[in-house]
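Peer 1: Using the numbering used here, the first residue of the sequence shown is number 52, and each one after it goes up by one.
I am attaching a structure below and will ask some questions about it afterwards.
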Amino acid sequence: MKNYMIEHLDDIASVKCPCGDSKRAFVTPDNQVATLHMVDISEDAQLHYHKKMTEIYVILEAEEGAYMQLDGEKVPVKAMTSIFIKPGCRHKAVGKMKILNMPIPAFDPQDEYFD
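See below:
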């Protein structure tokens with residue numbers, strides 16, 4: 052087994068997620084460390100939180116006026132903004148955006164909660 056993994060985000064099929072459409076790399080049964088998601092944020096992104104996962108967002112593209120809602124606070128964002136989201140932080144992206152999301156530990160769909 053190799054000591055590395057390579058994924059081409061352009062080759063990964065999108066899946067629906069609470070934020071929009073996500074291409075999820077490095078999602079394998081034997082990888083519990085971290086994953087990488089490229090997400091096109093939709094207008095109906097849902098406020099949610101995680102009990103175990105920390106997420107690091109890197110905003111790749113953002114329309115004027117886009118922001119993150121983080122524990123009730125509106126935080127303006129622009130391209131190349133990065134955000135460290137701890138477990139328990141209720142969050143959602145608002146506005147047209149494309150982001151990279153790095154969930155740590157690896158993404159677990161059972162660790163998504165909605166109020």
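Backbone N, C-alpha and C fix where the C-beta goes; we use that ideal spot for every residue, glycine too.
If we call anything under 7 Å between Cβ atoms a contact, is Ile92 one with Ala144?
Peer 2: In the sequence shown, residue 92 corresponds to position 41, counting from 1. In the sequence shown, residue 144 corresponds to position 93, counting from 1. In contact: Ile92 and Ala144 (Cβ atoms closer than 7 Å).
Peer 1: With a cut-off of 8 Å on the beta carbons, I'd call Pro156 and Val66 a contact; round off their distance for me.
Peer 2: Residue numbering aside, residue 156 sits at position 105 when the sequence shown is read from its first letter. Residue numbering aside, residue 66 sits at position 15 when the sequence shown is read from its first letter. Rounded, the Cβ-Cβ distance is 19 Å, inconsistent with contact.
Peer 1: So which of Asp159, Glu163, Asp166, His99 has the shortest CA-CA distance to Leu87?
Peer 2: Here residue 87 refers to the residue found at position 36 of the sequence shown. The shortest Cα separation from Leu87 among Asp159, Glu163, Asp166, His99 belongs to Asp159.
Peer 1: Compute the distance between the beta-carbons of Met180 and Val128, then report whether it is under 7 Å.
Peer 2: It is not possible to answer for residue 180, since the shown part of the chain is limited to 52 through 166.
Peer 1: With DSSP collapsed to three states, give me the class of Asp72.
Peer 2: For this step, residue 72 is matched to residue 21 along the sequence shown. It is a strand residue.
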